[in-house]
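Engineer: If you're matching positions, the sequence shown starts at 629 in the numbering used here and goes up one per residue. Glycine included, C-beta positions come from ideal geometry on N, C-alpha and C. I'd like to ask some things about the structure below.
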Amino acid sequence: MNVAGEAKEKVDSSLSTALRALFVFLLLFGLYCSLASEKSFSSKGESREGLVVKDMFEQQNFVLPLRNGVDIPSKPPLFHWLGAFSITTLQLPAELAIRLPSVFSAAFILMLFFFFVGQRSSHRLAALAVIICATTFEWGRGAVLARVDMLFSALLAASFMLFARFLATDDERRWRGTLYVIGGFLGFAVLTKGPIGLVLPWLAFVPTWVLFRGQKLIRADRGQFMEEIRLFAVSVAISIGIGLCWYVPAFFQGGAAFVDTHLFKENLARLLHHPGYDIGHEAPFYMTFVELISGFMPWSFLLPIVVLWLRREWSSVRSDPTIILSCCWLGVFLLIFSISESKRPVYLLPAYLPLSLLLAHAVSSHAQSPADGWVRRSFRWFAMGILIICGAVGVSLILAAALPARWFLSASDVLLWLDAVRANLLSRWWILLAGVGSAWIADRAFQAVRNAEIERGLLGCGVAGLLTVCVIGLGVVSPVSRVNSPEPFAAEMETLVPEAALLVQFRHDFYPLLFSASRNIPRVLDESMPNGEFFVVSARRDLDELRALVDQFELILQSTGPQAEGRDGLVLVRAERHARAALDSASNSAPVLPAPVP
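So this is what it looks like as structure tokens:
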């Protein structure tokens, strides 16, 4: 009877956790969808991935489409396949459909994260860990961008939680299936961002397994030890098999250029410096920690508490495989990206869930036992900072709606942004109410922290931060992205440039414009400038240099705002060039000398 009662209680607990996790998914999915649907493609990164999806349809090539008809895409196609599926099946607007894999991945993996933590600890700890991760700057940004990083992070995070489950169970049938599923997730990670999706997780899995199972098994049961090694190999083989399903046909289409792009430039060259590749975002090793701190804001201020908690509680936490796996996972990512030549905050995104879990445990531990005075003061200062930020956002939006921007500024580009923000706020007044509401929640959270209700107060800080992010996204980022969108420029350009005319880009690939245009627009450099009459799209800052390279020059269209990746204006020029033609005719009229006799 007691066994039956315990089983029923366990089922009820799992059901309650599952329902709460589902609520987390619905809340975050709705929030991320609203933010993603409001933004136009105006950045280089999003438009570059969207252009791949567009070229898949135009070229009817879903294996290796050429971006803008010329370049091999730099990432494997799983993200783009999902974006194409969203467009054709769900009939969504293009921007939202292409962002949907990121939106769904961010909300779904946080739902699984809540369920994972809630089953092993408490619902309050699970809520705190989820709210910490969801309100970090880099996670919130990646969840609404059309880039591969959030999908990649979700697949790695799923494998992390499954491996923690494998370490915690002794049921052979359960962990056998778990390892097979891990192999599937990591295979899809390879199809999202390349071989690094397989290498990085196993660099964290193997040391943790050796600590918790391998050492015991090799002493007590070598047969079981070899069986688990074999299953690891099978899991890796599954991942490689899934990856080869695309890599092999892509190699037959792209040949040596595909190998150079996907294996050398995007993987080896990013990890190890090679002078023959321009990988971008190069930085010294210590920038990994700077970017982790900047991307994990605002919770980075509380990270020293994690170190203090691990030092104090090490004797008890070292027996928890999830904590040790979190430490190994975080250590591997910090080590690899410290060695890597290319560094960006988004590269550390897969480590945010384990780091959020460690911080939630540290906060919960300090909330339930007497802590040092400076720890209490840290919580208080953090809550006050959230209150100040939320209040400042609310006041700024009210002033932006009430007062014309021309009273304070004269820069034309910034005035366009602020005018769009003001019009957006006046037509959607509920955004102002949400800003005031976030400030009120932040005030309640600050009062809770002052009254030593640490967990409840920090949960309130997270909710206020999440609402503030929504207010900023809908009230400010969305109208600014519409101002920066090159869609109006592209539409007018199509009417001014005949379909048969040559249209090129000068020096840069303007990916937002390419996504909005109905044709491929090749890029030319100084030495590859064509002859005859042609049309040129250029950034405003390069206009004088373009004028010096052509013989006839006519400016026929200018963008009204900074529509070249949000940093500069776009211009359309009708040009004509004869210098090279004259040089060619002179060389053709020169006498042909006989070949030397050996």
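Can you tell me where the alpha helix (DSSP H) with Gln687 in it begins and where it stops?
Structural biologist: For the purposes of this step, residue 687 is taken as residue 59 along the sequence shown, with counting starting at 1. Element bounds for Gln687: Lys672 to Gln687.
Engineer: Which of helix, strand or coil does DSSP assign to Gly697?
Structural biologist: Stepping through the sequence shown from its first residue, residue 697 is reached at position 69. Coil.
Engineer: Alpha carbon to alpha carbon, how far is Pro704 from Phe690? Give it in angstroms, no decimals.
Structural biologist: The residue you call residue 690 lines up with position 62 of the sequence shown. The residue you call residue 704 lines up with position 76 of the sequence shown. Rounded to whole angstroms, Phe690 to Pro704 spans 11 Å at the Cα level.
Engineer: Alpha carbon to alpha carbon, how far is Trp837 from Arg804?
Structural biologist: If you number the sequence shown from 1, residue 837 lands on position 209. If you number the sequence shown from 1, residue 804 lands on position 176. Their Cα atoms are separated by approximately 14 Å.
Engineer: Exposed or buried, which one is Pro982 when buried takes at least 16 other CB atoms within 10 Å?
Structural biologist: One-based indexing of the sequence shown puts residue 982 at position 354. That one is buried.
Engineer: Ignore the nearest five residues each way along the sequence and tell me which others in Arg752's own chain have a CB closer than 7 Å to its CB.
Structural biologist: Translated into positions along the sequence shown, residue 752 becomes position 124. Cβ neighbours of Arg752 beyond the five flanking positions: Glu1083.
Engineer: Across the stretch 1006–1023 and the stretch 1105–1112, are there enough close Cβ pairs to call them in contact, namely three or more that are closer than 8 Å?
Structural biologist: Short answer: they don't touch.
Engineer: Checking 9 Å against the spacing of the C-beta atoms, do Thr764 and Gly959 come in under that value?
Structural biologist: Within the sequence shown, the letter at position 136 stands for residue 764. Within the sequence shown, the letter at position 331 stands for residue 959. Not closer than 9 Å, so no.
Engineer: Does the distance from the C-beta atom of Thr806 to that of Phe742 stay below 9 Å?
Structural biologist: One-based indexing of the sequence shown puts residue 806 at position 178. One-based indexing of the sequence shown puts residue 742 at position 114. Going by C-beta atoms, Thr806 is not nearer than 9 Å to Phe742.
Engineer: Give the range of the alpha helix (DSSP H) segment to which Gly609 is assigned.
Structural biologist: The chain is shown only over 629 to 1226; residue 609 falls outside these bounds and no answer can be derived.
Engineer: Between Val1201 and Leu1153, is the Cβ-Cβ spacing less than 9 Å?
Structural biologist: Numbered from 1 along the sequence shown, position 573 holds the residue referred to as residue 1201. Numbered from 1 along the sequence shown, position 525 holds the residue referred to as residue 1153. Not closer than 9 Å, so no.
Engineer: Name the DSSP beta bridge partners of Glu1193, please?
Structural biologist: As a first step, residue 1193 is located in the sequence shown; it is residue number 565 there, counting from the start. Bridge partners of Glu1193: none, in fact.
Engineer: Report the residue ranges of all alpha helix (DSSP H) runs contained in full by the stretch 830–890; include only those spanning at least 4 residues, in chain order.
Structural biologist: Qualifying alpha helix (DSSP H) stretches, in chain order: 843–848 and 850–887.
Engineer: Check whether the Cβ atoms of Ile870 and Leu819 lie closer than 9 Å to each other.
Structural biologist: Within the sequence shown, residue 870 is the residue found at index 242, counting from 1. Within the sequence shown, residue 819 is the residue found at index 191, counting from 1. Yes.
Engineer: List the endpoints of the continuous beta strand (DSSP E) containing Glu1161.
Structural biologist: Along the sequence shown, read from residue 1 onward, the residue named residue 1161 stands at position 533. That run of the beta strand (DSSP E) goes Gly1160 to Ala1167.
Engineer: Between Phe788, Val934 and Phe879, which lies nearest to Ala979 when the distance is taken from Cα to Cα?
Structural biologist: Here residue 979 refers to the residue found at position 351 when the sequence shown is read from its first residue. Taking only the C-alpha atoms, the option nearest Ala979 is Phe788.
Engineer: Can you tell me where the beta strand (DSSP E) with Gln1180 in it begins and where it stops?
Structural biologist: Position 552 of the sequence shown, counted from the start, is the residue given in the question as residue 1180. Gln1180 -> beta strand (DSSP E) spans Gln1180 to Gln1186.
Engineer: From Ser984 to Cys761, what distance separates their C-alpha atoms?
Structural biologist: By one-based count along the sequence shown, residue 984 stands at place 356. By one-based count along the sequence shown, residue 761 stands at place 133. In a straight line, the C-alpha of Ser984 is about 6 Å away from that of Cys761.
Engineer: Report the rounded CA-to-CA distance for Ile612 versus Pro693, giving the unit in angstroms.
Structural biologist: Since the first and last residues shown for the chain are 629 and 1226, residue 612 lies out of range.
Engineer: Which of helix, strand or coil does DSSP assign to Val1132?
Structural biologist: Within the sequence shown, residue 1132 is the residue found at index 504, counting from 1. In the structure shown, Val1132 sits in a strand (DSSP, three-state: E or B).
Engineer: Going by the beta-carbon positions, is the gap between Pro932 and Ile1014 smaller than 9 Å?
Structural biologist: For this step, residue 932 is matched to residue 304 along the sequence shown. For this step, residue 1014 is matched to residue 386 along the sequence shown. Going by C-beta atoms, Pro932 is not nearer than 9 Å to Ile1014.
Engineer: What's the C-alpha gap between Ser668 and Val834?
Structural biologist: Counting from 1 along the sequence shown, the entry for residue 668 is found at position 40. Counting from 1 along the sequence shown, the entry for residue 834 is found at position 206. C-alpha separation (whole angstroms): 43 Å.
Engineer: Assign Ser642 to buried or exposed, taking buried as 16 or more other Cβ atoms, counted over all protein chains shown, within 10 Å of its Cβ.
Structural biologist: To locate residue 642, count along the sequence shown from 1; it is residue 14. The residue in question, Ser642, is exposed, as its Cβ has fewer than 16 Cβ neighbours within 10 Å.
Engineer: Please report the residue range of the beta strand (DSSP E) in which Val772 lies.
Structural biologist: Reading the sequence shown from its first residue, position 144 is the one you call residue 772. Per DSSP, Val772 belongs to no beta strand (DSSP E) and is neither H nor E.
Engineer: I think Pro1150 touches Val1132, with their Cβ atoms under 8 Å apart; what is that distance to the nearest whole Å?
Structural biologist: Here residue 1150 refers to the residue found at position 522 of the sequence shown. Here residue 1132 refers to the residue found at position 504 of the sequence shown. Indeed they touch by this definition, with Cβ atoms about 5 Å apart.
Engineer: Among residues of its own chain, excluding the 5 on either side of Ala757, which ones have a beta-carbon nearer than 6 Å to its beta-carbon?
Structural biologist: If you number the sequence shown from 1, residue 757 lands on position 129. Hits under 6 Å: Val745, Ser984, Leu985 and Ala988.
Engineer: I need the boundaries of the beta strand (DSSP E) containing Val691, first residue and last residue.
Structural biologist: Locating residue 691 in the sequence shown gives position 63, counting from the first residue. Unbroken run through Val691: none, as it is neither H nor E.
Engineer: Give me the DSSP bridge partner(s) of Ala1203.
Structural biologist: To locate residue 1203, count along the sequence shown from 1; it is residue 575. Beta-bridge pairing links Ala1203 to Phe1162 and Phe1181.
Engineer: Exposed or buried, Trp830, counting other C-beta atoms within 10 Å across all chains shown (16 or more means buried)?
Structural biologist: For the purposes of this step, residue 830 is taken as the residue at position 202 of the sequence shown. Buried.
Engineer: Sorted by chain position, which residues of the same chain lie with C-beta nearer than 7 Å to Leu859's C-beta, five sequence neighbours on each side aside?
Structural biologist: Within the sequence shown, numbered from 1, the residue matching residue 859 stands at position 231. Cβ neighbours of Leu859 beyond the five flanking positions: Arg804 and Leu807.
Engineer: Could you check what DSSP says for Arg1072 in three-state terms: helix, strand or coil?
Structural biologist: The residue given as residue 1072 occupies position 444 in the sequence shown. In the structure shown, Arg1072 sits in a helix (DSSP, three-state: H, G or I).
Engineer: Please name the residue in Phe651, Asn696 and Ala664 whose C-alpha comes closest to that of Ser1146.
Structural biologist: Stepping through the sequence shown from its first residue, residue 1146 is reached at position 518. Considering only alpha carbons, the answer is Asn696.
Engineer: So for Ser970, helix, strand or coil by DSSP?
Structural biologist: Numbered from 1 along the sequence shown, position 342 holds the residue referred to as residue 970. Three-state result, Ser970: strand.
Engineer: Do Ala771 and Ala735 have their C-beta atoms closer together than 9 Å?
Structural biologist: By 1-based counting over the sequence shown, the position of residue 771 is 143. By 1-based counting over the sequence shown, the position of residue 735 is 107. The answer is yes: Cβ separation under 9 Å.
Engineer: On the three-state DSSP scale, how would you describe Val934?
Structural biologist: On the sequence shown, residue 934 is found 306 positions in, with the first residue counted as 1. Helix.
Engineer: Name the two residues that bound the continuous alpha helix (DSSP H) containing Glu1081.
Structural biologist: Here the question's residue 1081 lines up with position 453 in the sequence shown. No alpha helix (DSSP H) holds Glu1081; DSSP gives it neither H nor E.
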